[in-house]
Each structure stands twice: as structure tokens, then as C-alpha cells.
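Undergrad:
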Amino acid sequence: MRLVGPLAAALLPWGLTIKMVHAEAFSRPLSRNEVVGLIFRLTIFGAVTYFTIKWMVDAIDPTRKQKVEAQKQAEKLMKQIGVKNVKLSEYEMSIAAHLVDPLNMHVTWSDIAGLDDVITDLKDTVILPIKKKHLFENSRLLQPPKGVLLYGPPGCGKTLIAKATAKEAGCRFINLQPSTLTDKWYGESQKLAAAVFSLAIKLQPSIIFIDEIDSFLRNRSSSDHEATAMMKAQFMSLWDGLDTDHSCQVIVMGATNRPQDLDSAIMRRMPTRFHINQPALKQREAILKLILKNENMALFLYKQIRM
1 MRLVGPLAAA LLPWGLTIKM VHAEAFSRPL SRNEVVGLIF RLTIFGAVTY
51 FTIKWMVDAI DPTRKQKVEA QKQAEKLMKQ IGVKNVKLSE YEMSIAAHLV
101 DPLNMHVTWS DIAGLDDVIT DLKDTVILPI KKKHLFENSR LLQPPKGVLL
151 YGPPGCGKTL IAKATAKEAG CRFINLQPST LTDKWYGESQ KLAAAVFSLA
201 IKLQPSIIFI DEIDSFLRNR SSSDHEATAM MKAQFMSLWD GLDTDHSCQV
251 IVMGATNRPQ DLDSAIMRRM PTRFHINQPA LKQREAILKL ILKNENMALF
301 LYKQIRM
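Have a look at this one:
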């Protein structure tokens, strides 16, 4: 049936007609071809809607450019360290941009002077269980610690020790910055915190290093922002998950000048602690010898220096 009257006359110049559909047409069963056509049209409509919304979200995201650059850098780093057939999520790619290849670290124990006792303890408690995993796999007491804290005055070599530990143990080194886990979108910080641990597990053995950890995991209070409190809770919950899997070789290592500001729950998760104090006279002499080892100091008497 075709529409007649003034409306039909108005639409006629445009080549348009309106067909009246009887109510019986809606009650009859659809044919197979009609069902297939309907499903096809709905699929196309859904796909177009999805990609349109995704494009709009990307267009209004001011950090989109930084995320793309971080993803490219992460892919480059993954190739450099020889990681293959490991699929990473978008959030893991953001964290992987802070990955450091241990082969590119030019820091060894020979570059550190005056901390012989700390180095010996690190070799026994951290490095040996990682490098000789087959000797300790049946022991729960001799597994590498899941948390290591380096504390002491600034400028005494805490970051240097962390890098040397990763180098000697052959661990992938994730230099985590607190700003990496902050995002303006609600819920994104928790996803980034989860990506830190999922990436570290995929790349194990690995060390998650947090410099100035007191600025990130300080004492919690009622004045903390809701998003910050949820992110800290998520981070600590995932950290606890490392203890349930004794074969997991992921270590969280932190450095701080103010251990008293750390949350008590964080201190509990870092049972292995090393005090990196200011060097004494004998240690300063060893440091000076290391610095001047390539200089012509034949007539130089270290004992005459009073530091």
C-alpha cells in the first residue's frame, strides 16, 4: 500500500515514497535470509559504534601521545632484552617503558667501595637463591625475600647497590616511578598497579625498584585521597600474592632516607633491611682509592688524609 494525499505529493519531487506496513507483517516469522541479514546489520552497527566511541575517547585523551611513545619504547626494550612470545597488555606496556636491561647496566660490585658487609649479605640472601634456584627450590626458608629495604642518609649509594644487585643476579630491573601509577581516570591507577606485578612475573627473575619509597607508600591516614588509598591497598595486596607462590622470583626493593615515614604494613613486607650509613674513615679511604684507581698516584699517601 502506498501513501496518497498531500504528504505523498510533497515527497514525490524527491523521489521518496512511504510504504505502509500492515500489522500482520510484524507477527509473521522471519525467513532465514532475513535473520541472517538482521544479524549482519546489527554486527556492522555494533562494530562501527565501538570504533567510533574508541576513536572519540582517544581523541579527547591528552595523554594519548605519551602512551603511544611509551608503547614504542617498551617494544624496543623487550626486543633488546630478548623477551619473545610474551603478550603484554596496554597497562603492562606502560610499565615496561621503565624496564632496564641488566646487560646495559655498567654497575658491578667492583664499582662500590666501603660497603663490603652489605654486599656480602646481599649475595647470601638475595643473589645466591636466585642464581642457584635449583638448590633451594624445596626450601621455604631459603627463598629470596619478597621485599628488601635500603635506608640511610642521601648520597650513600642505595640506588647504586640496587642496580648492582640486579646486574649480578641477572634480574630484569623495573625502575618504578610513583608518577607512573597515577592517572586522572578513576580506576586506572589500580590497573597500573596490577600491571607492575603481572609484568614482573612474566619477566622474572625481576626486581621492582622504588626510589624514595616513603613518598609513595608512606603512613596511611584518613586524609588520604580515595584513589590513592585504593591504589596503595591494591599494591600491597598484589605484593602479598608473591608470598603464596614460592617459586616466583620477583623482589620489591625500595630505597628511602626516612624509614620512619613508611607504613607499618610496608615494613612488614620488607623483612630484609640494610642500613647504608655514611662511610667511616676506613671506608672513605676505600672509596677514594676506587675513584683514583686510574690516576697516577704513586707518591700519594692515603693515610695522611684526614676526612
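The sequence shown begins at 1 in the UniProt record's numbering and counts up by one.
A virtual CB, placed ideally from N, CA and C, is assigned to each residue, including glycine.
Which residues share a DSSP beta bridge with residue 255?
TA: 150, 211
Undergrad: What residue does the alpha helix (DSSP H) around residue 216 start on, and which one ends it?
TA: Looking at the DSSP string, residue 216 is not in any alpha helix (DSSP H), and its letter there is neither H nor E.
Undergrad: Excluding sequence positions up to five away, which residues of its chain have a Cβ less than 8 Å from the Cβ of residue 195?
TA: 89, 91, 92, 94, 95
Undergrad: Looking only at its chain, what residues have a beta carbon closer than 7 Å to the beta carbon of residue 190, apart from the 5 residues adjacent to it on each side?
TA: The residues are 230, 231, 234.
Undergrad: Taking its Cβ as the centre, do 16 or more other Cβ atoms sit within 10 Å of residue 56, making it buried, or is it exposed?
TA: Result: exposed.
Undergrad: Rounded to whole angstroms, what's the CA-CA distance from residue 154 to residue 50? Just pull it up for me.
TA: 51 Å
Undergrad: Which one of 135, 285, 219 has the shortest CA to CA distance from residue 258?
TA: 219
Undergrad: Could you tell me if residue 260 is buried or exposed, where buried requires 16 or more neighbouring beta carbons within 10 angstroms of its beta carbon?
TA: exposed
Undergrad: What separation, rounded to the nearest whole angstrom, lies between the Cα atoms of residue 16 and residue 52?
TA: Reliability fails at residue 16, whose pLDDT of 48 lies under 50, so the model's placement of it is uncertain and no value is given.
Undergrad: What did DSSP end up calling residue 272 once you bin it into helix, strand or coil?
TA: strand
Undergrad: So what does DSSP say about residue 99, is it helix, strand or coil?
TA: strand
Undergrad: Does DSSP classify residue 175 as helix, strand or coil?
TA: Here residue 175 sits in strand by DSSP.
Undergrad: Tell me the DSSP bridge mates of residue 290?
TA: DSSP output for residue 290 lists no bridge partner at all.
Undergrad: Could you spell out the range, first to last residue, of the alpha helix (DSSP H) harbouring residue 169?
TA: 158-169
Undergrad: Quick one: what's got a C-beta closer than 7 Å to residue 176's C-beta in the same chain, skipping five residues either side?
TA: 98, 196, 208, 209, 210
Undergrad: For residue 189, list the residues DSSP reports as bridge partners.
TA: Per DSSP, none; premise fails for residue 189.
Undergrad: Starting from residue 122 and walking both ways along the alpha helix (DSSP H), at which residues does that stretch end?
TA: 116-122
Undergrad: Among 42, 79, 111, 75, which residue has its Cα nearest to the Cα of residue 294?
TA: 111
Undergrad: How many Å lie between residue 290 and residue 113 at the Cα?
TA: Taking the straight line joining both Cα atoms gives about 7 Å.
Undergrad: Quick one: Cα of residue 165 to Cα of residue 130, how far?
TA: 11 Å
Undergrad: Where does the unbroken alpha helix (DSSP H) through residue 133 begin, and where does it stop?
TA: 133-136
Undergrad: If you measure between the beta carbons of residue 173 and residue 250, is that distance less than 8 Å?
TA: no
Undergrad: In this structure, does DSSP put residue 250 in helix, strand or coil?
TA: strand
Undergrad: So residue 146 packs on residue 242, CB below 8 Å; how close in whole Å?
TA: 5 Å
Undergrad: Which residues in the same chain have their Cβ closer than 6 Å to the Cβ of residue 248, if we skip the five residues on either side of it in sequence?
TA: 242
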